[in-house]
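The opening residue of the sequence shown carries number 1 in the UniProt record's numbering; numbering runs sequentially from there.
In what follows, a single structure is set out as structure tokens and then discussed.
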Amino acid sequence: MEKIKIVIADDHHIVRKGLLFFFKTKSDLAVVGEASTGAEALEALNKNDADIVLMDLSMPEMDGIEATKQIKKAYSSVKVIALTSYADEAHVIPAIQAGAEAYQLKDAEPDDLVETIRAVHRGRHTLDPKIMSHVFQHMAQTDEKEKIHQLTNREKDVLFEIAKGKSNKEIAASLFISEKTVKTHVSNLLSKLELSDRTQAALFAVKHDINSNTRR
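Structure below.
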């Protein structure tokens, strides 16, 4: 059986040795290198043929996110599993954007980590269930921002006025356009933003800080 070759990158010695000891109990896994910094992880890959890097995100000299970016550039066939204690969006999203194939929290069961390694080696992408909400929230926010870009400047003007609680007649007076034109803009922006009414539009404008400085 060909073994899955692993490099462990973590600045905590006890974590590396604990993983090394555990992986020795698995016949299909082999640790071929260790690193305590992102730079050392790159050096380990230069010296050893590896399939997967278990990457801690918080390390000195070069953190795991930057190391992941560089690994993806220099060793495109090597897969990266972010193995960290951080479950917040500030770490999850950058790690995935850097190219990590999986994101696993350190409090996971050891056998779950092994299954993640095997799954990633087979070409799958996996995420710890505890961080899924961050990913979906980020995707939703990204989708909403793309919708905002679809609005014309005048539609953004109208949305800004809606957020102030103004009626169509008041918006028409503020923007020096006809009330009929306002109605058209309201209909168009609701359609583009996939919203059902003015109240949702007002909440959307507040959420995304649509104001006089962001309309252009």
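By construction, the Cβ of each residue, glycine as well, lies at the ideal position given by its N, Cα and C atoms.
DSSP, reduced to helix, strand and coil, places A108 outside both helices and strands of the structure shown, so it counts as coil. For I65, DSSP records no beta bridge to any residue. For H185, same chain residues with a beta-carbon under 7 Å away, outside a window of 5 residues either side, are R154, E155 and V158 in chain order. Remark: C-beta atoms of V7 and G33 approach each other more closely than 7 Å. Our two residues, L151 and L189, have alpha carbons roughly 7 Å apart in a direct line. Cβ-Cβ distances below 7 Å link A163 to A202, A205, V206 and I210 in the same chain, with the five nearest sequence neighbours on each side left out; the list follows chain order.
A100 is the residue among A100, K106 and D88 whose C-alpha sits nearest the C-alpha of G123. In this structure, the CA atom of K47 is about 18 Å from the CA atom of M62. Comparing C-alpha distances from M1 to each of H12, K17, T84 and S27 shows the shortest one belongs to S27.
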